[in-house]
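Everything on this sheet refers to the single structure shown next.
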Amino acid sequence: MTYHPKSDFIRIMIERGFLADCTDYQGLDEAFAAGVVPAYIGFDATAKSLHVGSLIQIMMLRWLQKTGHQPITLMGGGTTKVGDPSFRADERPLLTADQIDDNIAGIKKVFSAYIDYDAELPALMLNNAEWLDELNYLDFLRDIGRHFSVNRMLSFESVKSRLDREQSLSFLEFNYMILQAYDFLELNRRYGCLLQMGGSDQWGNIVNGIDLTRRVLENQIFGLTSPLLTTSDGKKMGKSQQGAIWLNADMLSPYEFWQFWRNTTDADVGRFLKLYTEMPVEECDRLGALEGSEINDAKITLANEVTALLHGREAANAAAQTAKEVFEKGGVGDDLPTLTLSADDIGDGISIVQLIVKSGLAGTGKEAKRLIAEGGAKMNDEALGDAGMRISAADLAEPIKLSAGKKRHALVQLG
1 MTYHPKSDFI RIMIERGFLA DCTDYQGLDE AFAAGVVPAY IGFDATAKSL
51 HVGSLIQIMM LRWLQKTGHQ PITLMGGGTT KVGDPSFRAD ERPLLTADQI
101 DDNIAGIKKV FSAYIDYDAE LPALMLNNAE WLDELNYLDF LRDIGRHFSV
151 NRMLSFESVK SRLDREQSLS FLEFNYMILQ AYDFLELNRR YGCLLQMGGS
201 DQWGNIVNGI DLTRRVLENQ IFGLTSPLLT TSDGKKMGKS QQGAIWLNAD
251 MLSPYEFWQF WRNTTDADVG RFLKLYTEMP VEECDRLGAL EGSEINDAKI
301 TLANEVTALL HGREAANAAA QTAKEVFEKG GVGDDLPTLT LSADDIGDGI
351 SIVQLIVKSG LAGTGKEAKR LIAEGGAKMN DEALGDAGMR ISAADLAEPI
401 KLSAGKKRHA LVQLG
C-alpha cells in the first residue's frame, strides 16, 4: 500500500499487520487525524469466554485507545439470539437469554485487561439487546428492511458460499446481517460511532451497516477489517489439539496459555510479536529473523509478553519459571512441577494424552501420542502403552508421577 497515513492509529495498523481492507483509507485517516474517533467491534456471546482468535480484534481496540480514540466493545446480547451465519456450514445452536447473559458476564472479564473503562475518555461497554430487544417487527420491516436488497445480500460471499454448497440458510440467520447493520446505525446515532472493525469475514456485514447509516441518517462512516489469521502451517488461529485456547483463566490456565505461545511455529514468531505484543516493530522483526536455538528465546519472549498483557506480569513470570523447571531441570521430589486438577477438570475421566500436555511434558497432543508410541512416556515409572487410557478422580487418590524420557517429570494431583 503506497498511501502514507497521517494518523498514528492507521500507521500502526499498517506497520503491525492488522489491516486487511478499509472502505476509505484516506477518509478514515483524515477523521483520525482531525479528532477523537469512536469505533466499535461486536462480540457475540456464544461461549463463556472468547478465545485467542478474538485477540487480534481486542488488540486493535487497545491500540485505538492508546492513540487517543474511543473503543466501544459491543456485546451481542441481541444478535447472539440469531447467530452469525458468516462462512459457517451449519446453523448455530440457539441459546436461552440466561445462557447469553452468563456468557456475557464471562466475556467481560477479559476486556479490562486490555482496555480502560475508567479513563478520562473511557471505553464503552454496550449490549445491543438494549435496542434490538425493543424492536417492533412491523416498524422495523417498514423503516429498515426496505433499505436492503435481497439480491445484494445473496451476493455476499459469506451467504453465497453456504448456498453454493446447497446447505440450508434459515430466515432467522438471514436476518443477522440486517441486525448487525442496524447496530452500526444505532451506535452512530447514539454515540457518534464512526468506525466498525472486525475480521475480514465481517466485510459484508460492515458494508451493509455503512450503507444503511448513509441512507437513514445521511452520515458518512467507515469500515476496517483485519486478516483472518491462520498459522504458517495453515491451521486456524486459536485452535490446538486440545480445542480452543480460551482467554479466561478459569477455562485455560495462564501456564497452558503461555505454553500455546511458546509452541508457536518458527515462521510465525515475528508476525505474532507485532500483532499480539506492544514491542517495537524493529525488535519484533529482529526476533522473528532468529534461527536455530535462538528462535526459542524469541518464542519465550512472545509467550511472556502476550501472557503478561492478559494475565499480568506475575502470572507470565510464574508460567515461564514452571516451564523452565519442567523442560530444563526435570527435577524430582520436592522440586517436581505439580499440576493440580479439580474434580470438575477431570469429570468422567481425562485422557492420559491431555494430562501429559497439561503437565507441560509435551507441547501438543500429537507430540504426547508420539512420546507414548515410542515408549518415552511413563506413569509412576512404568511405560505407558495406551494413548487412549483415561484417568479418573479415583486414580488420583494419590498423586501420579508422569515422565517424558529420563530427565523430565511432573506430578499430577487432585486439589
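Take the sequence shown: its position 375, counted from the start at 1, is 375 in our numbering, and no numbers get skipped.
C-beta: ideal position from N, C-alpha, C; glycine also.
Neighbourhood of Gly68 by C-beta distance below 7 angstroms, restricted to the same chain and skipping five residues each side
So the qualifying residues of the chain are Val36.
Would you please state the rounded distance, in angstroms, between the beta carbons of Asn128 and Gly78? I believe it to be under 8 angstroms.
So it is a contact: roughly 4 angstroms between Cβ atoms.
Might you give, ordered along the chain, the residues of its own chain that have their beta carbon closer than 6 angstroms to the beta carbon of Ile12, omitting 5 neighbours on each side?
Cβ within range, chain order: Trp63.
With distances taken from CA atoms, which of Leu50, Arg214, Leu228, Thr340 is nearest Gly198?
Nearest C-alpha to Gly198: Leu228.
Does the Cβ-Cβ distance between Ala181 and Leu212 come in under 7 angstroms?
In contact: Ala181 and Leu212 (Cβ atoms closer than 7 angstroms).
Based on DSSP bridge pairs, tell me the residues matched to Pro71.
Beta-bridge pairing links Pro71 to Ala39.
Just verifying my parser: in three-state terms, what is the DSSP assignment at Ile221?
Note: Ile221 maps to coil in three-state DSSP.
Secondary structure, beta strand (DSSP E): runs of 3+ residues fully inside the region 162 to 205
Restricting attention to beta strand (DSSP E) runs no shorter than 3 residues, the region 162 to 205 encloses them at 195 to 199, ordered along the chain.
Return the Cβ separation of Ile350 and Ile391 in integer angstroms, given the expectation that the two are a contact with Cβ distance under 8 angstroms.
For a cut-off of 8 angstroms, the C-beta gap from Ile350 to Ile391 is around 5 angstroms, short enough to register as a contact.
Could you check what DSSP says for Asn21 in three-state terms: helix, strand or coil?
Note on identity: in this sequence residue 21 is Asp, with Asn being the wrong assignment. Residue state for Asp21 is assigned as strand, using DSSP reduced to three classes.
Per DSSP, Thr422 forms a beta bridge with which residues?
Beyond the ends of the chain as shown, which are 1 and 415, falls residue 422; an answer cannot be given.
Tell me the residue span of the beta strand (DSSP E) that contains Leu339.
It spans 338 to 341 - the beta strand (DSSP E) in which Leu339 sits, taken as one unbroken run.
Rounded to whole angstroms, what's the CA-CA distance from Gln196 to Thr364? Just pull it up for me.
Rounded to whole angstroms, the gap between the alpha carbons of Gln196 and Thr364 is 36 angstroms.
Look at the Cβ atom of Thr73, then the Cβ atom of Phe111, and state whether they are nearer than 7 angstroms.
The Cβ-Cβ distance between Thr73 and Phe111 falls below 7 angstroms.
Asp98 versus Ile104 - alpha carbon distance:
Computed Cα separation, rounded: 10 angstroms.
What residue from Leu411, Leu154, Gln26, Ile144 has the CA that sits closest to Thr338's CA?
Closest option to Thr338, Cα to Cα, is Leu411.
Segment contact flag, the region 214 to 227 with the region 256 to 269, C-beta cutoff 8 angstroms, min 3 pairs
Taking one beta carbon from each stretch, the region 214 to 227 and the region 256 to 269 have fewer than 3 pairs nearer than 8 angstroms; the two do not touch.
Buried versus exposed, by CB contacts within 10 Å (16 or more), Tyr3
Tyr3 should be labelled exposed.
When we look at the beta-carbon of Gln259 and count the other beta-carbons within 10 Å, is it buried (16 or more) or exposed?
So Gln259 counts as buried.
Start and end of the beta strand (DSSP E) containing Ser155?
No beta strand (DSSP E) contains Ser155, which is instead part of the alpha helix (DSSP H) from 150 to 155.
Only counting the same chain, and skipping five residues up and downstream in sequence, which positions put a Cβ closer than 7 angstroms to that of Leu355?
Closer than 7 angstroms at the Cβ level, and outside the excluded window around Leu355, lie Ile391, Leu402, Val412.
Measuring only the C-alpha atoms, how far is Leu252 from Trp246?
Cα to Cα, the separation comes out at about 6 angstroms.
Which listed residue (Gly312, Met125, His311) has its alpha carbon closest to that of Ala39:
In terms of CA proximity to Ala39, Met125 leads the group Gly312, Met125, His311.
Have a look at Lys419 and Lys358 and give me their C-alpha separation to the nearest angstrom.
No statement about residue 419 is possible, as the shown extent of the chain runs from 1 to 415 and does not include it.
Which residues bound the beta strand (DSSP E) around Ile400?
Ile400 -> beta strand (DSSP E) spans 400 to 404.
Buried or exposed: Arg408, going by 16 or more other Cβ atoms within 10 Å of its Cβ?
Buried, because 16 or more other Cβ atoms sit within 10 Å of the Cβ of Arg408.
State yes or no: is the C-beta of Val346 within less than 7 angstroms of the C-beta of Ala393?
Just to set this straight, residue 346 is Ile in the shown sequence, not Val. Cβ atoms of Ile346 and Ala393: closer than 7 angstroms.
Assigned secondary structure, Ala373 (DSSP; H/G/I helix, E/B strand, else coil)
Looking at Ala373 - three-state DSSP - the assignment turns out to be helix.
Take Leu287 and list the residues in its own chain whose beta-carbon comes closer than 7 angstroms to its own, dropping the five residues that flank it on each side.
Excluding positions up to five away in sequence, the list reads Val269, Gly270, Leu273, Ala298, Thr301.
Locate the beta strand (DSSP E) running through Arg408, then write down its first and last residues.
For Arg408, the enclosing beta strand (DSSP E) covers residues 408 to 414.
In the DSSP assignment, what residue or residues form a beta bridge with Met389?
Answer is none; Met389 lacks a bridge partner.
By the 10 Å Cβ neighbour count, where 16 or more other Cβ atoms means buried, how is Glu256 classified, buried or exposed?
With 16 or more Cβ atoms within 10 Å of its Cβ, Glu256 is classed as buried.
Tell me where the alpha helix (DSSP H) around Leu138 begins and ends.
Run containing Leu138: 137 to 143, per the alpha helix (DSSP H) assignment.
Buried versus exposed, by CB contacts within 10 Å (16 or more), Arg190:
Result: exposed.
Whole-angstrom distance between Lys81 and Glu15, CA atom to CA atom:
Whole-angstrom Cα-Cα distance: 37 angstroms.
Is it buried or exposed, Gly405, if we count other Cβ atoms within 10 angstroms and call 16 or more buried?
By the Cβ-count criterion, Gly405 is exposed, with fewer than 16 other Cβ atoms from all chains shown falling within 10 Å of its own Cβ.
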